[in-house]
Structure formats: structure tokens, C-alpha cells
Amino acid sequence: PKNLEIWSLVTVEQLGELAQYPDGGRDVLPASTVDLLRNNFAWWLGLGVLWLGRRRTNEPEPVPAGVEAGCFTMTALAFAFLYFGAMWRFGVYFYPFASLAVLYEARQRGVRFTGGIPVWNSPARRLPVGVALAGCVLLALPGAVPMARFFLDRSAPGPTREDDWRELARHLPDGARVAAPWGLTGAYLFWAPQARYLNILDPIFMARADLGAYRTQLALFSGEHPDPPLAVGEQLTSDYLAVSRFAAPARLRARLAGDPRFEPVYSGYSLLYRIRPEANTSFWLDWTVQPGSAQGVSRPYPRMVSETGRALEGFVDAARVSVTTECVTFVRRVEPGAAIGALDLAAYGPVRLRIDGELLFTSRSAPGAILSQASGLVLPRPLAGGEEVTVESCPDLETGRNGFYLRPHPEEKG
């Protein structure tokens with residue numbers, strides 16, 4: 003029964019929810035005309051060869067078991083065709099069942115494929131069916147060989163990649179909790195079985211078990227999530243982050259490169275980072291939300307509740323105080339005794355920064371809150387303490403995310 007539940011989950015139930023699982027691979031997308039016709043032209047041509055080479059015999063009708071087998075095959079073919087149109091992976095059912103359906107139907111009608119194929123401009127001469135089918139196989143080779151080479155390369159990555167995975171495994175202790183993209187987890191699991199991984203199964207299983215965590219990892223590995231350390235440590239309950247240097251989006255690599263809360267552990271074809279709790283002390287996280295930007299009254303910006311979250315957060319997330327698309331205004335006082343001559347500001351969307359009411363910085367772009375690309379703001383006069391810092395943060399229209407990082411420049415005293 004559990005096998006049927008799993009089959010139903012990855013077929014029937016997944017059909018109406020494909021847009022929610024963009025990391026499931028191309029095989030969950032609908033079959034295109036290119037998949038159906040051009041990429042399988044040799045198969046269609048083979049069916050044409052069988053049709054042209056048919057010859058009716060006077061043999062007796064098959065036994066009833068053949069009728070039952072034919073009905074079953076035709077039913078399976080209809081089912082496979084409908085699913086193949088909705089999900090490319092069902093080609094593994096459609097093409098075999100279609101071939102069997104042709105053969106069973108020929109058997110039912112007493113047809114044998116021994117008539118030969120009429121030769122062009124010479125009807126009296128006929129090409130043996132076997133030779134014509136061999137020609138179809140040869141015609142399929144230009145498309146089949148590159149695909150076979152592709153899968154061979156995936157299953158035999160070579161000594162360089164194996165050495166890379168072996169070295170990565172050497173840096174993972176027993177029981178290490180690793181957040182890694184679903185597509186790479188199989189290789190990591192093989193070479194570092196001592197660790198524990200976020201997800202090894204089809205993405206739909208993780209989505210059904212914990213939809214929030216699934217959406218978090220989607221945003222994380224796409225490079226959209228503004229606070230990767232918080233996502234990895236708090237929301238995905240992991241200690242390490244592993245990605246491919248070449249497959250990871252450039253935006254994600256940029257986020258990892260400039261974040262003090264990530265400790266680089268290994269750098270090769272794979273990139274391995276360890277979470278560093280309590281490395282977020284330089285970020286300004288204590289703010290007051292101004293009236294009119296959230297609930298109409300001033301209130302403190304809500305920090306993370308858990309100890310893990312408070313030790314990792316760095317991004318000031320406007321979604322915690324406002325679910326609308328309006329801009330949100332945050333205010334704080336500089337701590338007494340500070341000596342700050344420059345600030346690093348990395349906002350997700352358009353932003354304005356004021357100090358004691360004076361506008362010092364404004365941006366209408368949506369840079370995505372990447373620390374390594376933060377705007378370095380040299381202040382006209384150092385902050386000594388008590389100054390009022392105001393940040394008006396507006397949402398990125400593409401993603402809807404709203405918030406910012408703000409901290410004294412690393413060489414400054416906060």
C-alpha cells in the first residue's frame with residue numbers, strides 16, 4: 003500500500019502542483035512536440051516500417067489470453083499517453099506500451115511483419131523489414147549517443163570530481179547536518195555517508211513533510227533568500243552548507259562570499275561552509291518601526307525568538323512587521339561611545355538613509371541585499387553616539403522582499 007501512496011504522490015497529486023516544485027527536474031514538465039516527434043523520429047519511422055512490411059496470414063486467431071493482454075496494453079497505452087502529455091517522465095511508459103500495442107494488435111489480426119518494404123521507384127523490389135528496422139536504429143544514433151554520453155558522464159564524473167567529493171567528505175564530521183541542493187545530495191551522500199542531509203528524495207516528499215522548509219531551501223539555493231545563515235541554521239536546522247561552485251547561481255555565491263557568519267571549510271569544485279553563531283554582532287538589529295509604516299503605532303522590530311535565530315540573524319526583514327507592499331521606516335539611536343566614520347548598507351529594494359533627518363543615501367534600484375556588494379557610505383562626520391538613524395526600506399517589485407543589512411564598516415568601531 004505504501005508503494006501505491008508514493009506512486010500516487012509523484013504522479014497523480016504532483017500533476018496539479020508542478021509550479022510549486024521547480025527543482026524537480028525537466029522530467030516533470032509536459033512533453034513538447036520536440037520530445038514527442040523530433041527526438042523520437044526514428045521510433046515513429048520504425049512503426050511506419052512495420053506498417054509497410056505487414057502481411058496477413060491464415061493462422062488461427064490467438065487464444066483469449068492474447069485478447070486480454072491486448073486490452074491491457076491498449077488501456078495502459080491510453081493512460082501513458084495522457085500522462086506523457088502532462089509529464090515528460092512518463093515517456094518511459096508511453097513508448098514501450100505504444101510498441102507493444104502495435105504488436106498485440108497485429109497479432110490479433112493475424113498480421114506478420116515479413117512482407118518487406120517497397121523500394122522507392124521499384125515496387126517489385128522489397129527491402130527486408132529487419133534491414134529497414136536496422137536503418138531506423140542507425141538513424142537514432144545521432145540523438146542517442148550524445149544522451150548516452152551525458153548519462154555516462156553523470157555516472158562517471160572522473161577522478162578529479164571524485165577527489166573533490168572525497169576531500170569534501172573529509173571535512174564533514176559524523177552527524178554533521180548539511181543543507182545541499184537536492185540534485186547534488188546523492189553524490190554527497192555517497193562520499194560522505196557520515197553526515198545527515200536536508201533531502202535525498204524527490205522534492206515533493208520534502209514539500210509534503212515541511213512546506214515552509216521546502217520553500218526556504220528553494221529561495222536559498224536560487225540566491226533569492228536575503229539571509230542564508232539564518233535560513234540554514236534556523237529554518238533548515240543545519241550546521242553546514244554545501245553547493246557546487248559552477249552550478250550555484252552567481253547571486254548565491256556572492257552572498258556566501260561576503261558574510262562573516264559563514265566560515266569557509268573547503269573550496270574546490272564543491273564549496274563547503276560552516277555556520278558561525280554569534281558572528282552577527284556587528285549588524286544593527288535593534289530598531290523601532292515608525293508609525294504609519296506597519297500598524298499605525300511605534301513598536302520594536304521583532305527579533306528572532308530562538309537562541310539559534312538570534313545568534314544568526316543579520317537581515318532586517320520588513321516582512322516581520324508588514325505584509326503589504328508599502329515602504330517601512332526603521333529608526334534607531336547610535337550607541338554612546340561609538341566612533342563610526344563609515345557604514346555598510348545592503349538593501350534588498352529601494353532605500354533611503356537619513357541621520358538626524360539629513361538624507362545621506364538614496365537608491366531606487368533593487369540590489370538584493372548582498373553583503374559583498376554593500377554600499378560603503380563614508381559619513382560627513384563620525385557618529386559618536388546618540389544620533390538618530392532612519393532607514394526607509396521599500397520592497398523589490400520582482401520578489402516582494404523588503405529589508406536591509408546595516409552595520410558599521412568592518413574597520414570601524416561600532
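Counting in the numbering used here, the sequence shown tops out at residue 416, every number present.
We put the CB at the ideal spot given by N, CA and C, even for glycine.
The structure presented is a predicted model; accordingly, all values stated were derived computationally and were not measured.
Query raised in the report: Count the other CB atoms within 10 Å of the CB of residue 218; is the residue buried (16 or more) or exposed (fewer)?
Result: buried
Query raised in the report: Taking Cβ positions, are residue 374 and residue 260 nearer each other than 7 Å?
Result: yes
Query raised in the report: In chain order, what residues of the same chain lie with their CB nearer than 8 Å to the CB of residue 193, ignoring the 5 residues before and after it?
Result: 164, 167, 168, 170, 171
Query raised in the report: Is residue 277 near the ligand ZN, going by C-beta to nearest heavy atom under 6 Å?
Result: Judged by which ligands are present, the structure shown has none, so any question about the ligand ZN falls away.
Query raised in the report: For residue 354, which three-state DSSP category applies?
Result: strand
Report task. Pick out whichever of 199, 198, 232, 52 has its Cα sitting closest to the Cα of residue 309. Result -> 232
**Report entry** Start-to-end residues for the alpha helix (DSSP H) that takes in residue 187
**Finding:** 184-193
Query - Closest by C-alpha distance to residue 277, when choosing among 101, 355, 341, 181 - result: 181
Query raised in the report: Using the beta-carbon count (16 or more within 10 Å), is residue 240 buried or exposed?
Result: buried
Requested in this report: Taking residue 97 as part of the alpha helix (DSSP H), name the residues at either end of that continuous run.
Outcome: 93-110
Query - Beta-bridge partners of residue 406, as assigned by DSSP - result: 318, 349
Query raised in the report: Rounded C-beta distance between residue 131 and residue 119? I'm assuming under 8 Å.
Result: 7 Å
Query raised in the report: What span of residues does the beta strand (DSSP E) with residue 283 cover, start to end?
Result: No beta strand (DSSP E) contains residue 283, which DSSP labels as neither H nor E.
Query raised in the report: Is the CB-CB distance between residue 215 and residue 191 below 7 Å?
Result: no
Query raised in the report: When the Cβ atoms of the segment 303-318 are set against those of the segment 356-364, are three or more pairs found closer than 8 Å?
Result: no
Query raised in the report: Quick one, which of 211, 79, 385, 102 has its alpha-carbon nearest residue 338's?
Result: 385
**Report entry** Three-state secondary structure assigned by DSSP to residue 310
**Finding:** helix
Query raised in the report: For residue 227, which residues from the same chain have a beta carbon less than 6 Å from its beta carbon, with the 5 sequence-adjacent residues on both sides left out?
Result: 221, 233
Query raised in the report: Is the beta carbon of residue 390 less than 7 Å from the beta carbon of residue 331?
Result: no
Requested in this report: Tell me whether residue 377 sits in a helix, a strand or coil according to DSSP, three-state version.
Outcome: strand
Query - Inter-residue spacing [alpha-carbon to alpha-carbon] between residue 208 and residue 243 - result: 18 Å
Requested in this report: Jot down the residue ranges of each uninterrupted beta strand (DSSP E) in the segment 209-255, minimum 3 residues, whole runs only, in chain order.
Outcome: 242-246
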